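This report refers to the structure that appears directly beneath it.
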Amino acid sequence: MPKPITRGIAISSIEGFEAIKGKGAVASVEGRKIMVVSPGYLREEGLSVDEEPLAPHYAEGRTVVFVLEGREFLGAIALGDAVREESREAIERLQSRGIKCIMLTGDHSKVAAAVSKTLGLDDYLAEVLPEQKAAKIKDLMDSGLRVAMTGDGVNDAPALATADLGIAIGAGTDVAVETADVVLVRSDPRDVADIFELARATYRKMVQNLVWATGYNIFAIPLAAGVLAGKGIVLSPAMGALLMSLSTVVVAINARMLKMQ
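If you want the working numbering, it's the position in the sequence shown, counting the first as 1, plus 316.
Okay, here's the thing in structure tokens:
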């Protein structure tokens, strides 16, 4: 079977592929043990590289991974995604409602700082291993904050379960979707802001309907009981039934108007 060609580069076949949880991957390439790992892995193994040439990539918010053969440094690969305009809009809408936006990521702190600045985030937690995410969420909750966590990967599932509100992207992994409290159908960060706006609008409608129904009954029940009969004001049973039906219609119409907001 011929080797695949990508941009003129022959891709070698690999054997013995193995993921290093939260830190990279290792495989045998033409008999050579090649690893692609994160900066965190290098620190754990006591390996050091000159990161000064990588500074421009960090400044642009790119994730840098390192290629090793055994413990020998072969090179580095910079990976980057364009920041979506929808993300900026979602964060601005959340912040306008007094909601702090914090990024929780396993990327290098310099990358996290660059992305945080670009998006206008309130804070970021960088170089967080997958098994540490839930603990970081718990720390935020212990500090007195109510925390909503948005994620889509297997590694996000424990954090989604720990948070006060877990929000999963519908296109994410099954375990994340099953763990979360809310599942977004689209992969659009603006839907996170929509969730909070819908929740607050729903709460307002509940309060409005409760005030209307309570106020109506406080006024109508005594009147129907004949409290003002001595003054010639009498509410007939038929009229009372009509007004009660009208109250139900008003509440239903007010709830229906939620769709128009």
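Think of the CB as a built atom: it goes at the ideal place given N, C-alpha and C, for glycine as much as any other residue.
Values in this document were obtained by computation on a predicted structure and should not be read as measured data.
Classify residue i: buried if its beta carbon has 16 or more other beta carbons within 10 angstroms, exposed otherwise.
i	result
residue 330	exposed
residue 380	buried
residue 547	exposed
residue 317	The predicted model places residue 317 with a pLDDT of 45, which falls under 50 and marks its position as unreliable; any figure quoted below should be read in that light. Residue 317 comes out exposed.
residue 478	buried
residue 403	buried
residue 337	exposed
residue 463	buried
residue 369	exposed
residue 533	exposed
residue 505	buried
residue 471	buried
residue 399	exposed
residue 553	exposed
residue 407	buried
residue 480	exposed
residue 562	exposed
Look at residue i and residue j and say whether their C-beta atoms are less than 9 angstroms apart.
i	j	result
residue 439	residue 454	no
residue 539	residue 526	no
residue 501	residue 473	no
residue 351	residue 342	yes
residue 482	residue 467	yes
residue 374	residue 427	yes
residue 475	residue 452	yes
residue 376	residue 396	yes
residue 433	residue 385	no
residue 574	residue 496	no
residue 441	residue 421	yes
residue 353	residue 332	no
residue 528	residue 499	no
residue 405	residue 509	yes
residue 583	residue 536	Outside the displayed span of the chain (317 to 577) sits residue 583, for which this structure offers no information.
residue 378	residue 394	yes
Based on DSSP bridge pairs, tell me the residues matched to residue i.
i	result
residue 382	353 and 392
residue 565	For residue 565, which the question treats as bridged, DSSP gives no partner whatsoever.
residue 466	483
residue 334	342
residue 418	439
Residue i by DSSP, collapsed to three states: which one?
i	result
residue 437	coil
residue 317	Low confidence applies here, because residue 317 scores a pLDDT of 45, under 50, leaving its location unreliable; read the following figure in that light. Three-state result, residue 317: coil.
residue 494	helix
residue 483	strand
residue 427	helix
residue 609	Within the shown structure, residues of the chain are numbered from 317 to 577, placing residue 609 beyond reach of any answer.
residue 500	strand
residue 546	helix
residue 359	helix
residue 459	coil
residue 407	helix
residue 572	helix
residue 348	strand
residue 367	coil
residue 473	helix
residue 397	coil
residue 506	helix
residue 376	coil
residue 445	coil
residue 541	coil
residue 559	helix
residue 552	coil
The ligand GTP and residue i: does any heavy atom of the ligand fall closer than 8 angstroms to the residue's C-beta?
i	result
residue 341	For the structure depicted, the ligand GTP is absent and the ligand set is empty, with no information on it obtainable.
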